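Under the UniProt record's numbering, the residues of the sequence shown are numbered 21 to 500, in order. The beta-carbon is built from N, C-alpha and C at its ideal position, and this holds for glycine as well. All of these numbers come straight from a predicted model, not from anything done at the bench. Below: the structure, in structure tokens.
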Amino acid sequence: ADNAGTVNFDRSCLGIREVNKREAMTVICWFRRVLRLDDHPALVAAAEGGPVIPLVILDPAEARAHPASAQRQAMALPDLDAALRRQGSRLIVRRGDPDAVLSAMIRDSGARAVHATQGLPFATDDGLAAAVEGAGARLHLHPPADLIPRGSVLTGTGTRFKVFTPFWRALRKGSIADPLPAPRLSLPMSWPASDGLDWPEARAAMNRGWDVVARHVQAGESAAHDRLDAFLDRLDARYGTRRDTPSDSDATSGLSDALAVGEISARRLWHRAMNAQAHGIGGVEDFLRELAWRDFARDLFDATPNMGRTCWKSEWNDFPCSGDGPEAEAWRQGRTGVALVDAGMREMFATGRMHNRVRMIAASYLVKHLMIDWRVGLDWFARCLTDWDAASNAMNWQWVAGCGPDASPYFRVFNPDTQAAKFDGKHRYRDHWLKPGAQGAADFAAAAPRSWVLDHHPAPLIDLDRGRQRALDAYARFRR
Ligand code: FAD
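Rendered as structure tokens:
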């Protein structure tokens, strides 16, 4: 038994040739934002290659850039480790830069191959192969178990879709590959040392009451499957309309964080939902269409990896807008004086999530009423969201700002008050986050710095009609 209390292979039971053979065949499976055993192509390939060392790398750069998402990943690790241990394996956790960690792991273990899921965007994988090969192993990158392989759904002329609806129709006509069952892993002769399962850099970078956020998270592969079961039990034909009501927390699956950290695959969701549809459950088609937006975002991001930094429609890079400043800070802190926007910003800060419709309204308010650069908002979402996904975040921000593919036209300016009357008519959502004494308001107060918590609702930063007109005038000048 090693010092972690688990039993390594007893070398004396095996002949020396068998020991050498096993060591020479050992492979590393890097669980790279795919924190599950089910439907994990890289893990299946690793298991076919030889004894597997399951590895997670906690990269400090990631913790700094996306602390809530990093912390969310750390929360999934105990469940993953437990699932591996049930088959005698275990999770090896290492902190550091991925190139350096992989090189050290290859040298420590003598592994001859590393299997991992392709990164997003794929271009970031270029340096990895050199690091792995430099340490004496081969890198095998596998596609993520999304609905479709990137670039596989194309227009009649063989180009990528730039508009969602035809993309969706083409995807729906094709077939989605079956999910892969969890493989049985064979064990290496010895286990490399592991760091702990927690991620202190992520917790520190969160810079807010993580324990409050953690109350809103159900982490782990098994919890993701339980949540999917529960969602399919309550799914019905009303999904398409109910999903727009911010106070109706049961209306949607709530699985975006599980998808983002790879606790469950999009293919598994698809096939489970299709099975429910075959049993007469309503609302499935609308749900699958939402799920396809995620693949659409990934396809766009793959084709234009700079989408998180530059406008997809390049002429929009010259659109006049302000950068970061006091108004952006008021938006981040949920004190714009616009109730639905402030409620949404508080929800995100306290829970790591924000309702989809409120995301659209809060984002639109920032880029249109305040005329602030969409990247200021994108960066804040990237810091705060536990479901942060580079592609979905970028596509949606560019959609709202009007500079992305298939974007909402710039002249369509959401009026947050009209939206509130339509989707939060009984003020349930607003009151939950803004009314003193309400649970949401208390959660926000517990998570936020003291100076963010006001005892009054602030005056609006800008009159909504004036803000709208200012944006439309700027747009008219820009078009001229
Ligand atoms: P459900 O209604 O249950 O939908 C099922 C799945 O479909 C979701 O889990 C998600 O994976 C996918 N989906 C639904 N809507 C969208 C969409 N508009 N774009 C892409 N995929 C979608 N989603 C993220 O996962 N990560 C992000 O970083 C992110 N940033 C966003 C930023 C902005 C400005 C906006 C407007 C939206 C953003 N979204 C993002 C999309 C959306 O808000 C969330 O996916 C949704 O709120 C998830 O809730 P759910 O899982 O209950 O959705």
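Quick one: what's got a C-beta closer than 8 angstroms to residue i's C-beta in the same chain, skipping five residues either side?
i      : result
Ala286 : Ala165, Asp166, Leu167, Leu279, Leu311, Arg314, Asp315
Arg158 : Arg132, Ala133, Val134, Val152
Val396 : Gly343, Asp344, Ala348, Leu386
Arg292 : Leu248, Leu252
Asp198 : Arg287, His291
Pro429 : Gly422
With 16 as the cutoff for other CB atoms within 10 Å, does residue i come out buried or exposed?
i           : result
Asp493      : exposed
Phe431      : exposed
Phe464      : buried
Lys388      : buried
residue 519 : The question about residue 519 has no answer, for the chain in this structure spans 21 to 500.
Thr26       : Residue confidence is low: Thr26 scores 34 on pLDDT, short of 50, so the model does not pin down where it sits. No coordinate-derived value is stated.
Gly156      : exposed
Arg105      : exposed
Ser334      : exposed
Gln418      : buried
Met294      : exposed
Thr46       : buried
Thr272      : buried
Pro266      : buried
Ala496      : exposed
Gly147      : exposed
Gln489      : exposed
Asn28       : At Asn28 the pLDDT is 41, less than 50, meaning the model places this residue with poor confidence; the figure from the coordinates comes in the next sentence. By the neighbour-count rule (16 or more Cβ atoms within 10 Å), Asn28 is not buried but exposed.
Phe444      : It is worth fixing the name first, because residue 444 is Asp in this sequence and not Phe. Counting Cβ neighbours within 10 Å, Asp444 comes out buried, since at least 16 surround it.
Ser32       : At Ser32, the pLDDT of 46 sits below 50, so the modelled position is not reliable; the number obtained from the coordinates is stated separately. Exposed: under 16 other Cβ atoms inside 10 Å.
Arg92       : buried
Near residue i, which residues of its chain fall below 6 angstroms by C-beta distance, leaving aside the five closest residues on each side in sequence?
i      : result
Ala67  : Pro203, Leu205
Ile301 : Leu255
Trp336 : Cys423
Asn416 : none
Phe184 : Phe316, Asp426
Asp306 : Tyr259, Gly260
Ala244 : Ala278, Glu283, Ile284
For the putative contact between residue i and residue j, defined by C-beta atoms under 8 angstroms, what is the C-beta separation to the nearest angstrom?
i      : j      : result
Trp400 : Ala421 : With a Cβ gap of about 14 angstroms, Trp400 and Ala421 do not count as contacting.
Ala359 : Leu248 : At roughly 33 angstroms, the Cβ-Cβ gap does not stay under 8 angstroms, so Ala359 and Leu248 are not in contact.
Glu283 : Leu57  : Actually they do not touch by this definition, with Cβ atoms about 10 angstroms apart.
Ala102 : Leu55  : Actually they are not in contact, since the Cβ atoms of Ala102 and Leu55 sit about 12 angstroms apart, beyond 8 angstroms.
Met125 : Pro71  : About 14 angstroms separates the two Cβ atoms, so there is no contact after all.
Leu390 : Leu481 : 7 angstroms
Glu367 : Gly460 : 7 angstroms
His160 : Thr137 : With 8 angstroms as the limit, His160 and Thr137 do not qualify as a contact, their Cβ atoms being about 10 angstroms apart.
Leu200 : Asp59  : 5 angstroms
Ala467 : Val233 : 7 angstroms
Gly139 : Asp145 : 5 angstroms
Val378 : Gly357 : 16 angstroms between Cβ atoms; not a contact.
Ala414 : Leu398 : 7 angstroms
Ser471 : Phe434 : At roughly 29 angstroms, the Cβ-Cβ gap does not stay under 8 angstroms, so Ser471 and Phe434 are not in contact.
Asp215 : Arg114 : 6 angstroms
Residues in its own chain within less than 7 angstroms of residue i by CB, not counting five upstream and five downstream?
i      : result
Arg355 : Asp362, Leu474, Pro478
Arg180 : Gly171, Leu174, Asp319, Ala323
Asp409 : Ala280
Arg448 : Ser267
Ala65  : His135, His160, His162
Gly108 : Leu207
Trp332 : Thr324, Gln418, Cys423, Gly424, Pro425
Would you list the residues sitting across from residue i in a DSSP beta bridge?
i           : result
residue 502 : Past the boundaries of the shown model lies residue 502; the chain is included only from 21 to 500, so the question cannot be answered.
Arg114      : Ile77
Leu159      : Val134
Arg180      : Leu174
Ser342      : Ile392
- Message: Count Cβ pairs between the stretch 256-263 and the stretch 203-222 that sit closer than 8 angstroms; are there 3 or more?
- Response: no
- Task: Measuring from each Cβ to the nearest heavy atom of the ligand NAD, keep the ones under 6 angstroms and list them in chain order.
- Result: As for the ligand NAD, it is missing from this structure, which binds only the ligand FAD.
- Give a yes or no on contact between the stretch 396-412 and the stretch 77-94, applying the rule of three or more CB pairs nearer than 8 angstroms. yes
- Message: If contact is defined by three or more beta carbon pairs under 8 angstroms, each pair taking one atom from either stretch, is the stretch 367-374 in contact with the stretch 226-243?
- Response: yes
- Item | contact_flag[the stretch 67-78, the stretch 50-59] where n(CB pairs < 8 angstroms) is 3 or more | yes
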